[in-house]
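Residues in the sequence shown are numbered consecutively from 1, following full-length UniProt numbering. Quick reminder that beta carbons are idealized off the backbone N, C-alpha and C, glycines included. Inspection log for the structure reproduced underneath, given as structure tokens.
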Amino acid sequence: MLMLSKTAGAIPRPPRSNVRGFIRRFNVQPRALFHHKLVLGIETSCDDTAAAVVDETGNVLGEALHSQTEVHLKTGGIVPPVAQQLHRENIQRIVEEALSASGVSPSDLSAIATTIKPGLALSLGVGLSFSVQLVNQFKKPFIPIHHMEAHALTIRLTHKVGFPFLVLLISGGHCLLALVQSVSDFLLLGKSLDIAPGDMLDKVARRLSLIKHPECSTMSGGKAIEHLAKEGNRFHFTINPPMQNAKNCDFSFTGLQHVTDKLITHKEKEEGIEKGQILSSAADIAAAVQHATACHLAKRTHRAILFCQQKNLLSPANAVLVVSGGVASNLYIRRALEIVANATQCTLLCPPPRLCTDNGIMIAWNGIERLRAGLGILHDVEDIRYEPKAGEIVSWLRVLTALTEDLDSVSSTHTVAHSPLNSGSRGANIQTSMCSCTQTVYMRTVRHTLNILNEKSKKKKKKKKKK
Ligand code: KG4
Ligand code: ZN
């Protein structure tokens, strides 16, 4: 049974004509008999209306997506009632398109899976209410989905990845590092203390007025920053990554946003232009802020990997770091994380960019994962509620409180100081800009840090034995 929370939202009752309309307009002819389990996934937690049908083996049979990005770019951010209206206008068409493309009729489905948390209340409500109609109409089991769990498990659709693995989830609303131990068991190692990296990049892009840039006008803020940064020289500006000495795996992005904001104001004065016009140095600023973001994400993740290795939480022979969420589609950030993964003998895996941003496939796949594990499958949706608050995430993730002290003791000062992320020359490609001697030093310092950690834990074990 789904836990109800104080912040849970009631489902707005849909007009009955919606239900009849769906049945009347839906006319898929089943192409074949389906032997596999089939799940329809529905996603409306933020500003994408998405649906997909996925089978047990990970075949995507049909998918459809309506993005609201362009509308929200014009209003300078997501206005929840506008998002709700757009979800309402599109959900039926999107679900019909996904089902039609798949050749699966609703009666063939094994279950319907829908994002119910976390997200914007008004957006979540549309997806849930539509799903409840379908569930009741076609008498199907319902699988409520946690949006971040879906981002984390997407990798198991595209790659063979067993549990446990380390996941870095970076999106417009979230930033967290967790050890994924099973479909529903996540140990939280770190999180953003303020805003998410995608939110910060969106704000910087807005402040740079990138919507007026002919090449970026239809791109999300983060994508626009990545695009522009390719032409920029990050060395024209110094933006230091935050929390350089913090002995944990948390993140912070508000400081980066403010520093960049100040820099933009300063350059506007210098170039004698009004707020709202595009700076001649916009590409350089984009490159500098992207680099600082990549360094910050990589260094905090590096600490988490060292910690997991020290505690034997990851398989020594096959340690996997998964990066997902909208910001993970940024190739510069991926390269920064690749450096850290290589230096710590981890395999970095990322879903393809279109599966990093919100989509229906990840929700349907999460439904398949839960169906296979027999977890959270509801046959009665009478009491189902959506849960918008991100705070809910704590009840989903087991926080590693008992090990926090150990986490604090992981020393990465050496590796941070010598990291290739602090070196290199111009522009977009971290790896090509890294000189091989710096890389050697980096590898050596990582090994050095690991040795220290191993020595420390050996000593501790010896002490325990003596006692
Ligand atoms: O996962 P997602 O689609 O939605 C949320 O759950 O938040 O992530 C959207 C976020 C936005 O903030 C967007 O600017 C960012 O992902 N994003 C990017 C890129 N593409 C999307 N950030 C950096 N580089 C990109 N290429
Ligand atoms: Zn997302």
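* How about C216: is its Cβ closer than 8 Å to a heavy atom in the ligand ZN? -> C216: no, Cβ never under 8 Å from the ligand ZN.
* Verify whether the separation of the beta carbon atoms of I91 and I42 is less than 9 Å. => Yes. Within cutoff.
* Determine the burial state of R234: buried for a count of at least 16 other Cβ atoms within 10 Å of its Cβ, exposed for fewer. => R234 comes out buried.
* Asked: If you follow the alpha helix (DSSP H) that T259 is part of, which residue opens it and which one closes it?
  -> For the sequence presented, residue 259 should be read as Val rather than Thr. Where V259 is concerned, the enclosing alpha helix (DSSP H) stretches over T254 to E271.
* Asked: What are the boundary residues of the beta strand (DSSP E) that L65 is part of?
  -> That run of the beta strand (DSSP E) goes V60 to S67.
* Test item, CB below 5 Å from any non-hydrogen atom of the ligand ZN -> Those residues are S171 and D358, given in chain order.
* Determine the closest residue to H307 out of G272, T344 and G162, with distance taken between C-alpha atoms. => Position check: residue 307 holds Phe in this sequence, whereas His was assumed. Checked all of G272, T344 and G162; the closest Cα to F307 is T344.
* Asked: Is L375 buried or exposed, if buried means 16 or more other CB atoms sit within 10 Å of its CB?
  -> Exposed.
* To do: Would you identify the three-state DSSP class for K160, choosing helix, strand or coil?
  => Here K160 carries a coil assignment [DSSP, helix/strand/coil].
* **Buried or exposed by the 16-neighbour rule on C-beta atoms within 10 Å, applied to Q244** => Classified as exposed, Q244 has fewer than 16 neighbouring CB atoms from the shown chains inside 10 Å of its CB.
* Proximity below 9 Å, CB of V323 to CB of L169 -> Contact check for V323 against L169 passes: the beta carbons are separated by less than 9 Å.
* Asked: Which same chain residues, not among the five before or five after L176, have their C-beta less than 6 Å away from its C-beta?
  -> If we look at L176 and ignore the five residues flanking it on each side, its Cβ neighbours are L169 and K191.
* Asked: Using the rule of at least 16 other Cβ atoms within 10 Å of the residue's Cβ for burial, across every protein chain shown, is S110 buried or exposed?
  -> Buried.
* Could you tell me which uninterrupted beta strand (DSSP E) segments, each at least 3 residues in length, are contained entirely in the stretch 81-144, listed from first to last along the chain? => Listed in chain order, the complete beta strand (DSSP E) runs (minimum 3 residues) inside the stretch 81-144 are 111-117.
* Asked: How about A101 and G62: do their beta carbons lie closer than 9 Å?
  -> It is a contact, given that the beta carbons lie within the stated cut-off.
* Where DSSP assigns a beta bridge to A178, which residues make up the other side? -> Beta-bridge pairing links A178 to V167 and L188.
* To do: Check D48 in the structure and name its three-state DSSP category.
  => Note: D48 maps to strand in three-state DSSP.
* Is the distance from the Cβ of T293 to the Cβ of P351 below 9 Å? -> With respect to the 9 Å criterion, T293 and P351 are not classified as neighbours on the basis of their beta carbons.
* To do: Starting from the C-beta of D250, find all residues in its chain whose C-beta is less than 8 Å away, skip the five residues before and the five after it, and write them out in chain order.
  => The residues are G190, K191, S192, L193, M243 and R300.
* Burial state of H87, where buried means 16 or more other Cβ atoms lie within 10 Å -> Taking a 10 Å sphere around the C-beta of H87, we find 16 or more other C-beta atoms and assign the residue as buried.
* What is the rounded straight-line gap between the Cα of R93 and the Cα of P141? -> When only Cα atoms are considered, R93 and P141 end up about 22 Å apart.
* Figure out for me which residue from R206, E89, L128 and E215 has the closest Cα to the Cα of L40. => Answer by Cα proximity: L128.
* Tell me whether A196 counts as near the ligand KG4, meaning its Cβ is closer than 8 Å to at least one heavy atom of that ligand. => Yes, the ligand KG4 has a heavy atom inside 8 Å of this Cβ.
* Drop a sphere of 10 angstroms on the beta-carbon of G21, count the other beta-carbons inside from all chains shown, and report buried for 16 or more, exposed for fewer. => Here the model assigns G21 a pLDDT of 48, short of 50, so the residue's position is not dependable, and the following value carries that caveat. Label assigned to G21: exposed.
* State the DSSP-derived secondary structure class of F237, mapped to helix, strand or coil. => Here F237 sits in coil by DSSP.
* V204, enclosing alpha helix (DSSP H) - first and last residue -> Segment P197 to R207, the alpha helix (DSSP H) holding V204.
* **Counted within 10 angstroms of its Cβ, other Cβ atoms place N330 as buried (16 or more) or exposed** => The residue in question, N330, is buried, as its Cβ has 16 or more Cβ neighbours within 10 Å.
* Asked: Short check: CB of I225 to CB of A205, under 9 Å?
  -> Cβ distance < 9 Å, so I225 and A205 count as in contact.
* Just reading off the beta strand (DSSP E) that L348 is part of, what are its end residues? -> Segment T347 to L349, the beta strand (DSSP E) holding L348.
* Coarse secondary structure for K37, derived from DSSP in three states -> Looking at K37 - three-state DSSP - the assignment turns out to be coil, as it is neither helix nor strand.
* Quick one: what does DSSP say D55 is sitting in, helix, strand or coil? -> In the structure shown, D55 sits in a strand (DSSP, three-state: E or B).
* Asked: With 16 other CB atoms within 10 Å as the buried threshold, where does K139 fall?
  -> Classification of K139: exposed, given that the 10 Å Cβ count is below 16.
* Chain-order list of residues whose beta-carbon lies under 8 Å from that of A83 (same chain, five-residue window excluded) -> Cβ-Cβ distances below 8 Å link A83 to C46, D47, Q68, H72, L120, L122 and S123 in the same chain, with the five nearest sequence neighbours on each side left out; the list follows chain order.
* With respect to the beta strand (DSSP E) encompassing L321, which residues constitute its N-terminal and C-terminal limits? -> That run of the beta strand (DSSP E) goes V320 to S324.
* Asked: Hey, how far is the Cα of M148 from the Cα of Q181?
  -> Cα-Cα distance, rounded: 15 Å.
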